[in-house]
Amino acid sequence: AVALLDRHYTGRHARAQVEKDLTAFGRTPAILRRRINGASIGADSETERTLFRALRKRGYAFECNKLIGNYFRDGVYEPKKVMVEIHGHQYHNHINVQVKDYWKANDAVARGYRHMSFSDICIDLHLARVVDLIVAVIEGEEREVELMGEWHAAWVQPSAVGMR
Numbered sequence: 001a002v003a004l005l006d007r008h009y010t011g012r013h014a015r016a017q018v019e020k021d022l023t024a025f026g027r028t029p030a031i032l033r034r035r036i037n038g039a040s041i042g043a044d045s046e047t048e049r050t051l052f053r054a055l056r057k058r059g060y061a062f063e064c065n066k067l068i069g070n071y072f073r074d075g076v077y078e079p080k081k082v083m084v085e086i087h088g089h090q091y092h093n094h095i096n097v098q099v100k101d102y103w104k105a106n107d108a109v110a111r112g113y114r115h116m117s118f119s120d121i122c123i124d125l126h127l128a129r130v131v132d133l134i135v136a137v138i139e140g141e142e143r144e145v146e147l148m149g150e151w152h153a154a155w156v157q158p159s160a161v162g163m164r
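The following block contains the structure:
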């Protein structure tokens with residue numbers, strides 16, 4: 001049921017569409033509300049759904065595709081003002097998109113958010129490491145982040161991810 005909700009309610013207006021659809025029920029059954037709360041409503045890609053589902057399992061419910069200021073954010077955890085952006089290597093490879101991403105990140109910091117960015121490859125290949133780092137930031141834990149060239153598959157085994 002959660003996978004169906006994830007795939008049906010995608011994009012910027014997904015949350016509003018869910019609420020509109022729920023009004024047809026009158027009273028929303030508790031089981032349906034639990035399923036909706038367990039879904040990654042608004043996520044644009046399977047990689048986003050995977051990440052935000054994993055964070056939800058750890059107890060952190062991110063709101064997907066949330067409008068803050070002039071920009072939609074991939075995932076926002078409001079209680080600790082943590083924002084996560086996921087950069088797909090095809091879409092974010094263009095200079096105009098990269099420049100927008102820089103200003104979007106600056107806007108987040110200027111608004112008091114802690115902004116984190118990950119590539120889709122990082123999430124697809126190293127989900128546990130990404131989730132652990134995001135959780136550490138949420139919990140205020142200081143930690144040293146290892147040099148990615150020492151562990152990331154894109155550098156250690158480039159052929160494993162279709163590089164070189």
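Be aware that the sequence shown starts at 1, since it is given in full-length UniProt numbering, and climbs by one per residue. Glycine is no exception: its CB is placed at the ideal position from the N, C-alpha and C atoms. Please read all numbers here as calculations on a predicted model, not as lab measurements.
- Glu-141 and Gly-26 have their C-alpha atoms spaced approximately 43 Å apart.
- DSSP places Leu-67 in the uninterrupted beta strand (DSSP E) bounded by 63–68.
- With a minimum length of 3 residues, the unbroken runs of beta strand (DSSP E) contained wholly in the UniProt domain "DUF559" (45–138) fall at 63–68, 71–77, 82–87, 114–119.
- By the CB criterion at 8 Å, Ile-121 and Val-84 fall outside the cutoff.
- Here Leu-127 really is in contact with Thr-50; their C-beta atoms are around 7 Å apart, less than 8 Å.
- Of the residues Arg-56, Lys-80, Leu-55, the one whose Cα lies closest to the Cα of Tyr-113 is Lys-80.
- With a threshold of 16 other beta carbon atoms within 10 Å, Gly-75 meets it and is buried.
- By the Cβ neighbour-count rule, Val-109 is exposed, with fewer than 16 other Cβ atoms within 10 Å of its own.
- In the structure shown, the three-state DSSP call for Glu-150 is helix.
- Straight across, the Cα-Cα distance linking Tyr-71 with Ser-119 is about 19 Å.
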